[in-house]
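Undergrad: This is the structure, below, for whatever I ask next.
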Amino acid sequence: MTKKMISWLSFMAVFLFLLHSCVHDEIYSSSDPASAEYHSKSLWKEDEKYIKNVMKVFDEYADKSYFASNFGDVYWDYATTMGTYDEKFLEVPVVKNGKINFILLVYREDDRIFFKRKDEESSKEFFKVLVFTDRVKNKLSGRILVAGGNTSKIFCYTVETTVEWTNDDGSPGPTFSHSETYCFPTGPSLPCQALDTESNCGGGYGNGGSGGSGGGSTGYPYPQNNQTPCAKVKNIVSDSQLKTKIDSLKQYSLTAVANEKGYQQDKAGNVTPASVNGSHHVDFVIGTNSLGGIHCHTLNGTHMFSPKDILTLLSFAGVQNQTLPIGSTVDNTGDAYLGMIAQSGSYFITFNGGSGDLPPPMTDAEEDAYKLEMNESYRKI
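Take a look at the structure:
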């Protein structure tokens, strides 16, 4: 292997250790309610960052012809996050043949979002008023009231809308008011709403259920714009399955045995044991659906990522885009991670470049030469 390659990987080993949402109030007008360009027609401030990110996901993964012909058009201008600003939740009407067909509810869990179908008549009535009221002729107003029962797991909100109708002669007409309180997650789980003929779109809370990505559904990846390395790792380790395994590795790392332990995670979130093939190393079976892995270094091991660990991270990074649709412009290379648990602490490395930044694959001989030279360098530190 060339010294250039060794130097590059040495730089990567160091570089990888370096472990703004603008919401505005302007309301515009749009001639096409189903336009790909968002112009809010809400009655209150919205989490526009979340709405626009959900639109990006829909634009990337949905079969728009299939969706429009089977369900209708998504009127993004009327999307509402119902007073939430933590990139977590929105509802948006789907209109077909001039009527509200159903409400598309999009809920985020960690780095995945889930599309749900909501058919409640009260919600349809709210969006019917919001979408079809003539705002030039009539006065439309509304507000969000945060209701009781709000905890980290239950969120309630009350929507109040008022329409002051104007008669044809310009005189004041009747006033229509609507008030409704919603809570989630409560009641039965909402059904998954397919975005194309083969999408795997369910899971998550929606407007109810016990949480988690049930039924083997994995949702869609949520754009992680401008996420700091620390925030990225914090998001990774927030996974409940991974947390349990990290805790077990913390205990195992306090032993003086030679064999290490490890676990790997797939893109659906499942965590399974890694293969242990010898002293002071763990082998991961990395395939198309692999996401990342964690392992421990025991008391009599080196409490530092090994040269082989760096190569393992690059292998995880190299498979992140292999499950994307053909022609996709999304780059998930940065989703890969590798964690190392030791007595001194827990350490994670991620790849913060794109697929074009990955080095070419090494031969076995090149890998052996790299590990030999880097191990010699480690001993001098």
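Every position in the sequence shown, counted from 1, becomes a number in this note's numbering once 18 is added.
We put the beta carbon where it would ideally sit given N, CA and C, even for glycine.
Determine the burial state of residue 394: buried for a count of at least 16 other Cβ atoms within 10 Å of its Cβ, exposed for fewer.
TA: It counts as exposed.
Undergrad: Beta-carbon separation of residue 312 and residue 357 under 8 Å?
TA: Against a cut-off of 8 Å, the Cβ pair of residue 357 and residue 312 comes out as a contact.
Undergrad: Determine the DSSP secondary structure at residue 302, reduced to helix, strand or coil.
TA: Reduced to three states, the DSSP call for residue 302 is coil.
Undergrad: Just to confirm my understanding: we take residue 259, look at its own chain, exclude 5 residues before and 5 after, and list those with CB closer than 6 Å. What are they?
TA: These residues qualify, in order along the chain: 289.
Undergrad: How about residue 124 and residue 72: do their beta carbons lie closer than 8 Å?
TA: Yes, Cβ-Cβ distance for residue 124 and residue 72 is below 8 Å.
Undergrad: Between the Cα of residue 386 and the Cα atoms of 368, 337, 326 and 348, which residue gives the shortest distance?
TA: Ranking the options by Cα distance to residue 386, first place goes to 326.
Undergrad: What span of residues does the beta strand (DSSP E) with residue 369 cover, start to end?
TA: Neither: residue 369 is in no beta strand (DSSP E) and is coded neither H nor E.
Undergrad: When you compare the CB positions of residue 213 and residue 79, do they come within less than 8 Å of one another, or not?
TA: Result yes, Cβ atoms of residue 213 and residue 79 sit closer than 8 Å.
Undergrad: Does DSSP classify residue 417 as helix, strand or coil?
TA: Summary: the structure shown does not reach residue 417, with the chain confined to residues 19 through 399, and so no result is reported for it.
Undergrad: Chain C beta carbons: is any one of them nearer than 8 Å to that of residue 378?
TA: Chain labels in this structure do not include chain C; a single protein chain is all it has.
Undergrad: Between residue 62 and residue 306, what straight-line distance do the alpha-carbon atoms span, to the nearest angstrom?
TA: Those two C-alpha atoms are separated by around 44 Å.
Undergrad: Between which two residues does the beta strand (DSSP E) containing residue 112 stretch?
TA: Start and end: 107 to 114.
Undergrad: For residue 392, which of helix, strand or coil comes out of DSSP?
TA: Three-state DSSP puts residue 392 in a helix.
Undergrad: Terminal residues of the continuous alpha helix (DSSP H) containing residue 3?
TA: Past the boundaries of the shown model lies residue 3; the chain is included only from 19 to 399, so the question cannot be answered.
Undergrad: Can you find at least 3 beta carbon pairs, one from the region 80 to 100 and one from the region 180 to 195, that sit closer than 8 Å?
TA: Output reads no: the region 180 to 195 does not touch the region 80 to 100.
Undergrad: Can you tell me where the beta strand (DSSP E) with residue 64 in it begins and where it stops?
TA: Here residue 64 belongs to no beta strand (DSSP E), and DSSP marks it neither H nor E.
Undergrad: Per DSSP, residue 210 forms a beta bridge with which residues?
TA: Residue 210 is bridged to 134.
Undergrad: Measure how close the beta-carbons of residue 121 and residue 109 come, nearest whole angstrom, since I'm counting them as under 8 Å.
TA: About 5 Å; that satisfies the 8 Å criterion.
Undergrad: With residue 140 as the anchor, note down where its alpha helix (DSSP H) starts and where it stops.
TA: Taken as a continuous stretch (DSSP letters only), the alpha helix (DSSP H) holding residue 140 covers 139 to 150.
Undergrad: Nearest CA to the CA of residue 74: which residue from 253, 368 and 242?
TA: For the residues 253, 368 and 242, the minimum Cα distance to residue 74 belongs to 242.
Undergrad: When you compare each of 86, 261 and 299 to residue 324 by their alpha carbons, which one comes out closest?
TA: For residue 324, the nearest C-alpha among the options comes from 299.
Undergrad: Using the three-state DSSP reduction, which class does residue 93 fall into: helix, strand or coil?
TA: Correct three-state label for residue 93: coil.
Undergrad: Going by C-alpha distance, which of 318, 355 and 391 is nearest residue 282?
TA: That would be 355, whose Cα lies nearest to the Cα of residue 282.
Undergrad: Tell me which same chain residues have a C-beta within less than 8 Å of the C-beta of residue 114, skipping the five on either side of it?
TA: So the qualifying residues of the chain are 89, 90 and 91.
Undergrad: Classify residue 361 as helix, strand or coil using the three-state DSSP reduction.
TA: Correct three-state label for residue 361: coil.
Undergrad: How would you call residue 177, buried or exposed, if buried means at least 16 neighbouring beta carbons within 10 angstroms?
TA: Under this definition residue 177 is a buried residue.
Undergrad: Helix, strand or coil: which one does DSSP assign to residue 379?
TA: In the structure shown, residue 379 sits in coil (DSSP, three-state: anything other than H, G, I, E or B).
Undergrad: Just how far apart, CA to CA, sit residue 240 and residue 186?
TA: Each residue's alpha carbon lies about 47 Å from the other.
Undergrad: What do you reckon, are the CB atoms on residue 339 and residue 351 nearer than 8 Å?
TA: Yes, the pair counts as a contact, with Cβ atoms nearer than the cut-off.
Undergrad: In the DSSP assignment, what are the bridge partners of residue 242?
TA: According to DSSP, which records beta bridges pairwise, residue 242 is partnered with nothing at all.
Undergrad: So, are the CB atoms of residue 97 and residue 69 less than 8 Å apart?
TA: Contact flag set, yes.
Undergrad: Alpha carbons only, please: which of 238, 67 and 262 is nearest the one belonging to residue 210?
TA: Minimum Cα distance to residue 210 is reached at 238.
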